[in-house]
Amino acid sequence: MGTTDPAVLTVNAGSSSLQLHLVRDGEVLRTEHSERSPGPETAERAITDFLDAAPGTDLAAVGHRLVHGGEAVREPVVVDDGVLEAVREYADLAPLHVPPALALVEAARRRLPGVPHVLCPDTAFHAGLPDAAATYALPAEWRSRYGLRRYGFHGLSYAWALGRAAELLDRPAGTLQVVLAHLGGGSSVCAVREGRSVDTSMGFTPLEGVPMSKRSGSVDPGMLLWLLSGSRLTLDELRDGLEHGSGLLGLSNGKSGDTRELVASGDPAAALALEVFEHRVSREIAAAATSLDRLDALVFTGEIGWDQPEVREAVCRRLSLLGVEPPARTAPDADADGTVSAPGASVPVLVVRPREELQLARDTLGALG
Numbered sequence: 001m002g003t004t005d006p007a008v009l010t011v012n013a014g015s016s017s018l019q020l021h022l023v024r025d026g027e028v029l030r031t032e033h034s035e036r037s038p039g040p041e042t043a044e045r046a047i048t049d050f051l052d053a054a055p056g057t058d059l060a061a062v063g064h065r066l067v068h069g070g071e072a073v074r075e076p077v078v079v080d081d082g083v084l085e086a087v088r089e090y091a092d093l094a095p096l097h098v099p100p101a102l103a104l105v106e107a108a109r110r111r112l113p114g115v116p117h118v119l120c121p122d123t124a125f126h127a128g129l130p131d132a133a134a135t136y137a138l139p140a141e142w143r144s145r146y147g148l149r150r151y152g153f154h155g156l157s158y159a160w161a162l163g164r165a166a167e168l169l170d171r172p173a174g175t176l177q178v179v180l181a182h183l184g185g186g187s188s189v190c191a192v193r194e195g196r197s198v199d200t201s202m203g204f205t206p207l208e209g210v211p212m213s214k215r216s217g218s219v220d221p222g223m224l225l226w227l228l229s230g231s232r233l234t235l236d237e238l239r240d241g242l243e244h245g246s247g248l249l250g251l252s253n254g255k256s257g258d259t260r261e262l263v264a265s266g267d268p269a270a271a272l273a274l275e276v277f278e279h280r281v282s283r284e285i286a287a288a289a290t291s292l293d294r295l296d297a298l299v300f301t302g303e304i305g306w307d308q309p310e311v312r313e314a315v316c317r318r319l320s321l322l323g324v325e326p327p328a329r330t331a332p333d334a335d336a337d338g339t340v341s342a343p344g345a346s347v348p349v350l351v352v353r354p355r356e357e358l359q360l361a362r363d364t365l366g367a368l369g
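Residue numbers for the sequence shown, in my numbering: 1 to 369.
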């Protein structure tokens with residue numbers, strides 16, 4: 001690690017995980033992945049231990065993934081107290097993600113007070129959504145008073161996947177019209193026209209869209225109102241069920257929220273969970289394609305999109321109307337990004353390994369000029 005080039009520490013706090021990376025010149029020097037997000041009292045220790053294991057590393061900056069920037073942070077921005085206070089106003093829109101992320105920002109600033117810290121919001125990729133895609137059909141007073149609009153998420157993943165797709169297709173990203181599907185513990189779909197997000201399945205919060213590992217995705221709002229009426233469910237019970245007990249976990253009757261386990265299971269509920277997930281993902285892909293003039297490629301990323309060929313094939317089989325054919329290969333060569341569709345396919349199907357840490361480092365340095 002002894003070079004004169006400074007590195008970027010990237011901090012990615014999930015709802016139940018923490019990923020730390022040291023990145024220099026597009027290469028990961030060190031990584032640590034914990035399956036639980038540390039609380040405020042242990043966050044500083046986690047960062048200290050990580051850095052102590054890489055002595056002598058010169059840091060240029062610390063980049064923090066922020067799931068929901070709301071209207072406060074619409075692009076990567078250097079952190080100060082005012083920025084953090086503004087972001088806290090939107091913390092309840094992504095309660096599983098934003099509070100632990102802010103705790104880590106504060107811990108990192110205490111541990112590294114002389115290094116610039118940069119917030120990189122997942123919502124930034126979608127900040128320029130067209131009005132027709134961003135606007136909810138709600139009373140104007142509500143939209144104005146509460147800032148109700150579609151924000152979209154998984155922006156770091158989409159930015160990386162778009163760049164890699166452009167390289168694989170040997171075309172500038174600004175010329176492409178593609179649909180990207182980030183499928184993982186959280187899942188969403190995005191349409192990109194000439195380098196810009198023009199539609200996406202997640203909305204005001206990360207709960208909208210396709211079913212996820214434990215989150216419901218979109219459901220009939222009338223059903224939710226019915227469940228809240230007549231003392232059927234309390235607000236806390238409804239919130240917990242939608243965010244922690246639904247999705248693949250709920251569909252499989254509590255068996256698992258992991259597609260790998262569901263694919264390996266012969267249980268009918270597991271099969272139904274996969275079928276519902278695949279149906280909803282293909283439906284969102286088809287819907288997103290209506291925001292494009294043509295479909296230059298379908299790009300899968302995220303843990304499931306990258307490493308679950310059974311799910312990719314099932315989704316593609318439902319998209320023949322768009323000219324998408326089932327993948328000819330289960331994976332690209334040598335565990336690399338690549339094309340899995342047959343040569344000459346009218347719509348290439350690509351898989352891109354999720355590398356949010358590299359995009360996070362890139363955006364962090366970009367914010368510093």
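Yeah, the Cβ is synthetic: ideal placement off N, Cα and C, and Gly gets one too. In this text the structure is predicted, and so the values were computed from the model without any measurement.
Of the residues the options, the one placed nearest residue i, counting alpha carbons only
{"i": "ALA166", "options": "HIS154, LEU183 and VAL192", "result": "VAL192"}
{"i": "LEU169", "options": "LEU365, ASP363, VAL347 and ASP25", "result": "VAL347"}
{"i": "VAL67", "options": "ARG45, GLY222 and PRO95", "result": "PRO95"}
{"i": "ARG88", "options": "LEU235, ALA72, TYR151 and CYS190", "result": "ALA72"}
{"i": "ALA296", "options": "LEU365, GLY323, ASP240 and ALA132", "result": "For the record, residue 296 in the displayed sequence is Asp; it is not Ala. Looking at the Cα atoms, GLY323 is the closest of the given residues."}
{"i": "VAL98", "options": "GLY70, PRO116, GLY114 and PRO76", "result": "GLY70"}
{"i": "GLU44", "options": "ARG111, GLY257 and LEU29", "result": "ARG111"}
{"i": "GLY369", "options": "SER231, LYS255 and VAL118", "result": "VAL118"}
{"i": "LEU18", "options": "ALA46, GLU27 and GLY26", "result": "ALA46"}
{"i": "GLU208", "options": "SER246, GLY26 and THR42", "result": "SER246"}
{"i": "GLY186", "options": "ARG171, SER218 and LEU162", "result": "SER218"}
{"i": "ASP307", "options": "LEU365, PRO206 and ALA334", "result": "ALA334"}
{"i": "ASP52", "options": "ARG30, GLY63, ALA61 and ALA60", "result": "ARG30"}
{"i": "GLU216", "options": "ASP240, LEU319 and SER320", "result": "The residue you asked about is not Glu; residue 216 is Ser in the sequence shown. Of the listed residues, the one whose Cα sits closest to SER216 is ASP240."}
{"i": "ALA61", "options": "ASP5, GLU75 and LYS255", "result": "ASP5"}
{"i": "THR367", "options": "PRO113, PRO343, GLY63 and ALA103", "result": "Reading the sequence as shown, one finds Ala at residue 367 and not Thr. With distances taken between Cα atoms, ALA367 lies closest to GLY63."}
{"i": "VAL11", "options": "GLU106, ALA264 and ALA286", "result": "GLU106"}
{"i": "LEU162", "options": "LEU138, LEU298 and GLY152", "result": "LEU298"}
8 Å Cβ shell around residue i - same chain, five flanking residues per side excluded
{"i": "LEU156", "result": "ARG65, CYS120, ASP122, PHE125, GLU356, GLN359, LEU360 and ASP363"}
{"i": "VAL340", "result": "PRO309, ARG312, PRO327, ALA328, ARG329, THR330, ALA331, PRO332, VAL349, LEU350 and VAL351"}
{"i": "ALA288", "result": "VAL179, VAL189, CYS190, ALA191, ASP199, THR200 and SER201"}
{"i": "GLY128", "result": "ARG196 and SER197"}
{"i": "TYR90", "result": "HIS68, GLY69, GLY70, GLU71, ALA72 and VAL98"}
{"i": "TYR146", "result": "none"}
{"i": "LEU321", "result": "ALA286"}
Extent of the continuous alpha helix (DSSP H) run through residue i
{"i": "LEU298", "result": "From DSSP, LEU298 is part of no alpha helix (DSSP H) but of the beta strand (DSSP E) over 297–301."}
{"i": "GLY399", "result": "Because residue 399 is not part of the residues shown, which for the chain are 1 to 369, the question remains open."}
{"i": "ARG280", "result": "268–289"}
{"i": "GLU237", "result": "235–244"}
{"i": "ASP131", "result": "131–134"}
{"i": "LEU251", "result": "247–251"}
{"i": "THR57", "result": "Counting along the chain, THR57 falls outside any alpha helix (DSSP H), and DSSP gives it neither H nor E."}
{"i": "LEU176", "result": "Run containing LEU176: none; DSSP gives neither H nor E here."}
{"i": "VAL263", "result": "259–264"}
{"i": "PRO309", "result": "309–317"}
{"i": "SER188", "result": "Unbroken run through SER188 is the beta strand (DSSP E), 188–193; no alpha helix (DSSP H)."}
{"i": "LEU156", "result": "155–169"}
Contacting residues, own chain, Cβ-Cβ under 6 Å from residue i (five flanking each side not counted)
{"i": "GLY195", "result": "ALA173 and GLY174"}
{"i": "GLY302", "result": "HIS182, LEU183, GLY184 and PRO354"}
{"i": "PHE300", "result": "ALA181, ARG312 and VAL351"}
{"i": "ILE304", "result": "LEU183, GLY184, THR259 and VAL311"}
{"i": "TYR136", "result": "LEU148"}
{"i": "SER213", "result": "GLY185, GLY247, LEU248 and GLY257"}
{"i": "TYR158", "result": "PHE125, LEU180 and CYS190"}
{"i": "GLU75", "result": "ALA124"}
{"i": "HIS244", "result": "LYS214"}
{"i": "ARG24", "result": "ASP5 and ALA7"}
{"i": "ALA264", "result": "none"}
Whole-Å CB distance - residue i paired with residue j, under 8 Å assumed
{"i": "ARG164", "j": "ASP337", "result": "5 Å"}
{"i": "SER201", "j": "GLU284", "result": "5 Å"}
{"i": "ARG280", "j": "PRO211", "result": "6 Å"}
{"i": "PRO116", "j": "VAL77", "result": "In fact, because the Cβ distance is near 11 Å, the residues do not count as touching under 8 Å."}
{"i": "THR48", "j": "LEU22", "result": "About 14 Å; that fails the 8 Å criterion."}
{"i": "PHE277", "j": "LEU248", "result": "6 Å"}
{"i": "LEU251", "j": "ALA273", "result": "4 Å"}
{"i": "LEU238", "j": "LEU224", "result": "7 Å"}
{"i": "PHE153", "j": "PRO206", "result": "5 Å"}
Contacts around residue i, its chain only, beta-carbon distance under 7 Å, and the 5 residues preceding and following it disregarded
{"i": "ALA317", "result": "Correcting the residue identity first, residue 317 is Arg in this sequence and not Ala. So the list reads PRO326, once near-sequence residues are dropped."}
{"i": "ASN253", "result": "ALA269"}
{"i": "MET1", "result": "In this prediction, MET1 scores a pLDDT of 41, lower than 50, which makes its location untrustworthy; the coordinate-derived value is nonetheless stated afterwards. For MET1, where only same-chain residues beyond five positions count, the Cβ hits under 7 Å are LEU29, ALA54, GLY56 and THR57."}
{"i": "SER282", "result": "VAL315, ARG318 and LEU319"}
Where the beta strand (DSSP E) through residue i begins and ends
{"i": "PRO99", "result": "Careful: PRO99 lies outside any beta strand (DSSP E), inside the alpha helix (DSSP H) at 98–111."}
{"i": "ASP199", "result": "196–200"}
{"i": "LEU29", "result": "27–34"}
{"i": "ALA13", "result": "7–13"}
{"i": "ARG24", "result": "18–24"}
Notebook entry, point to check: Within the chosen definition, does the stretch 19–35 reach the stretch 76–89 through at least 3 CB pairs nearer than 8 Å?
Noted result: With the cut-off at 8 Å, the stretch 19–35 and the stretch 76–89 do not touch.
Notebook entry, point to check: Any contact of the stretch 125–142 with the stretch 178–187, i.e. 3+ C-beta pairs under 8 Å?
Noted result: No, they do not touch.
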